[in-house]
Amino acid sequence: MRVSTNLTTQPIGGNLLRTFIAAGVFFAFVSCQAGIPYGREGQAALDQTDWNAMTKAYVSADGWVNYGAWKKDSVRLNKYLAAVSANPPAANAPRNEAMAYWINAYNAYTVKLILSKYPLASIKDLNPKVAIYKVNTVWQWSFFKIGGEDFNLDKIEHSILRAKFFDPRIHFALNCASVSCPILRNEAYTADKLEAQLTDQAKKFLSDPIRNKVVDGTAYMSKIFDWYGGDFSKNGLKADYLNKFAPQKLPADATWKYLDYDWRLNDIKNKPGK
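So for the sequence shown, numbering that gives the first Met the number 0 puts the first residue at 0; every next one is plus one.
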């Protein structure tokens, strides 16, 4: 989950700066609306065997990633990503098949991005020196292709997963390679398991007191619920939706406070106690 709240600019006159930002947001919006590539009608779902094996090998059950070891297995990752690039789901693919494809693609390309510059302290280290939110951060960097079309992580998240599938649980499945993110699952998402996997991810995230907790009537919650609050409250109160999965129910009258987001890399070396 992939939001940078830092706006870094060089000293520019106020009107010029506002014009520059407005133009950037406009072009980002236009880019975001570009067509979605589709595979051949009736094609088989992409084989997730390699991604499943890699996550089993390099991701712990609690979501910490051994990037150092994974970097030595880049040939297998590149082979898998070549298959992802060449085989987007068909327009008539079953919903869960398409969702699983795009979630796995997002997470795998994020790992690829980290490994390309590893070792590093944070995914945000890959931002340009002058990073403008929703315009030119690492999430808008089109460093891969799908179906022959230039792609970036934001396009997968916002133009496809959020725009087409309307399931807030995707926020618990996408991993931005950071400590405060929902964990990277150590198995591939698949159509037949997707419903259970998304629910499990939601429960894990909401039961983790480092990321979410209720203390004396105050809900200390992940910034994800601030950044994407509308996704969780489209059909009612945000707390009502989260209480479907939270082990400690959020009181309706709770005071909400959002925790600082820890952008350090979710490297196994950063695991508490290491």
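Think of the CB as a built atom: it goes at the ideal place given N, C-alpha and C, for glycine as much as any other residue.
Simplified DSSP assignment, three categories, for residue i
i	result
Lys273	coil
Glu186	coil
Ala130	coil
Val137	helix
Tyr260	coil
Ala89	strand
Ala318	An answer regarding residue 318 cannot be provided, because it is not within the stretch 0 to 273 covered by the chain.
Ser177	strand
Ala52	helix
Ser73	helix
Ser232	coil
Phe25	Bear in mind that a pLDDT of 38 at Phe25, under 50, signals an unreliable position, so the number given afterwards is only what the model happens to contain. The answer is helix: DSSP assigns Phe25 an H, G or I state.
Residue i and residue j closer than 7 Å at C-beta
i	j	result
Thr54	Asn185	yes
Tyr37	Pro87	yes
Lys123	Trp262	yes
Met98	Phe204	no
Ala176	Thr109	yes
Ala201	Phe244	yes
Trp138	Leu160	no
Tyr240	Asn103	no
Trp101	Ile267	no
Leu193	Asn95	yes
Through-space distance from residue j to residue i, alpha-carbon basis
i	j	result
Ser206	Lys212	8 Å
Pro167	Ser73	32 Å
Tyr117	Lys222	26 Å
Leu236	Phe224	12 Å
Gln247	Lys273	28 Å
Asp191	Val129	43 Å
Tyr105	Thr254	33 Å
Lys70	Asp252	47 Å
Leu45	Ser84	10 Å
Ala120	Leu264	6 Å
Phe150	Trp50	20 Å
Tyr57	Tyr66	7 Å
Asn242	Arg39	40 Å
Gly147	Gly34	12 Å
Lys256	Pro208	14 Å
Asn43	Asp61	Inspection of the sequence shows that residue 43 is occupied by Ala rather than by Asn. For Ala43 and Asp61, the distance between alpha carbons rounds to 31 Å.
Asp259	Ile145	34 Å
Ile182	Lys233	25 Å
Val178	Asn91	36 Å
Phe28	Ile155	For Phe28, the pLDDT reaches just 37, beneath the cut-off of 50, and the residue's location in the model is therefore unreliable, although a value from the coordinates is still provided. Going from the Cα of Phe28 to the Cα of Ile155 covers about 14 Å.
Ser141	Ser158	14 Å
Asp230	Leu112	27 Å
Leu249	Ala81	43 Å
Cys180	Asn174	6 Å
Leu125	Tyr79	23 Å
Ala107	Pro271	24 Å
Gly41	Phe171	29 Å
Arg75	Leu114	13 Å
Terminal residues of the beta strand (DSSP E) in which residue i lies
i	result
Val214	212 to 214
Tyr227	First-last for Tyr227: undefined, no H or E at that position.
Ala162	Neither: Ala162 is in no beta strand (DSSP E) and is coded neither H nor E.
Tyr37	First-last for Tyr37: undefined, no H or E at that position.
Ala238	Where Ala238 is concerned, there is no enclosing beta strand (DSSP E), although the alpha helix (DSSP H) it sits in stretches over 237 to 241.
Ala218	217 to 220
According to DSSP, residues forming a beta bridge with residue i
i	result
Phe278	Since the first residue of the chain shown is 0 and the last is 273, residue 278 is not available in this structure.
Val58	Val64
Asp266	Val64
Ser121	Arg263
Residue interval of the alpha helix (DSSP H) (run including residue i)
i	result
Ala107	94 to 116
Ala195	193 to 205
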